[in-house]
DNA sequence: AAAAACTGTCTGTCTTGCATACAATTCGCG
DNA sequence: CGCGAATTGTATGCAAGACAGACAGTTTTT
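Residue numbers (the working numbering), protein chains in the order written: chain A, 51 to 204; chain B, 51 to 204.
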């Protein structure tokens, strides 16, 4: 009897999120992202690559001759932001810009051999980083988490 | 028989993440965080507050006379970063720094009445933002997602 | 009492995100 | 077909945040 009263109170609190910041989904996404970001950075200090830079390298490798605008769409980044990242990667000799056949507004992007080598190293580090991240989940939970996250960004 | 062979192949691919960026948990966390960040920013254009700033206001309100170092620990931010944020909030008259009783290294932080008002508005916007975020999940899934995310950042 | 740790502060650098603007190019619709 | 609209890359400037390194005052540990 009094236990059901307690339950009701608890539910009421849940509905109102207790006013506490811990009930905010966005708050936990921020913190989780921060933790992942920090560990990623640690893993990549030697390679001197950021998350975004690796993502762009990876994407160019998966889709040779992709254009900057497409990268922006896939990674949900501004065109100007993509350009800044590509500039950095180009300055380090990882990617090259080339002419596009057909549409003269676009440019093709492809990895140099240096870029290929960097990506190969990066892939290994990403797997190490992922192992750290996945170590706290079962394979089922990993799939579940990805599914939930996809619903947010897709 | 041949189906088991296929299964093995499929598992092998799973283990290697198919080489695809879509199999990377961190990748989805980044994208999800980006989407949430963007929507948050849209929701708060009028209030001109960022995620971090709201989090800090919220935290100071929840824990009056908290010190900067404690904020940093709870929100996983560098001391220098916390200071930058508190400086901005102080410049806008939302928070005040005060002396700490006992430990003279620390300072206490508390909201001004202006800060209280801003936080009240912010809370409403956060709920609106959260509703957008939660709209794609059942209550069970929300709880599940929070649980999974907590394991990453706790 | 000396060493180590903590706290706030300051400075500077790097990355990212976004707004704005511009020119060249391509596309869509009348 | 032709002209306005949309796309693409580029450039610039600004704000926020992360972090490293340094410093001084204070507290805790040994």
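Glycine included, each C-beta is placed from N, C-alpha and C at the ideal position.
Computed from a prediction, not measured in an experiment: that's the story for all the values here.
- Beta-bridge annotation (DSSP): residue 81 of chain B is not paired with any residue.
- At a cut-off of 9 Å between beta carbons, residue 85 of chain B contacts chain A.
- Closer than 9 Å to the CB of residue 199 of chain A there is at least one CB belonging to chain B.
- At least one CB atom of chain B sits nearer than 9 Å to the CB of residue 203 of chain A.
- Look at the region 103-115 of chain A: the residues with a C-beta under 8 Å from a C-beta of chain B are 105, 108, 109, 112.
- Residue contact check for residue 142 of chain B against chain A: no CB pair falls below 9 Å.
- Judged by DSSP secondary structure, residue 147 of chain B falls within the beta strand (DSSP E) whose first and last residues are 145-149.
- For residue 131 of chain B, there is no enclosing beta strand (DSSP E); the residue is part of the alpha helix (DSSP H) that begins and ends at 129-141.
- Counting along the chain, residue 203 of chain B sits inside the alpha helix (DSSP H) bounded by residues 189-203.
- Three or more Cβ pairs closer than 8 Å define a contact, and the region 102-112 of chain A falls short of that threshold against the region 127-143 of chain B.
- The alpha-carbon separation between residue 113 of chain B and residue 73 of chain A amounts to approximately 16 Å.
- Pairing residue 138 of chain B with residue 79 of chain B, the inter-Cα distance amounts to about 28 Å.
- Residues of the region 181-196 of chain A whose Cβ lies closer than 9 Å to any Cβ of chain B, in chain order: 183, 184, 186, 187, 189, 191, 192, 194, 195, 196.
- The beta carbons of residue 87 of chain B and residue 103 of chain B sit no closer together than 9 Å.
- By alpha-carbon distance to residue 157 of chain B, the top candidate from B:81, B:187, B:115, B:97 is B:115.
- The alpha-carbon separation between residue 161 of chain B and residue 121 of chain A amounts to approximately 43 Å.
- The alpha-carbon of residue 125 of chain B is positioned some 46 Å away from that of residue 149 of chain A.
- Contact note: residue 179 of chain A reaches chain B through 76, using a C-beta cutoff of 7 Å and chain order.
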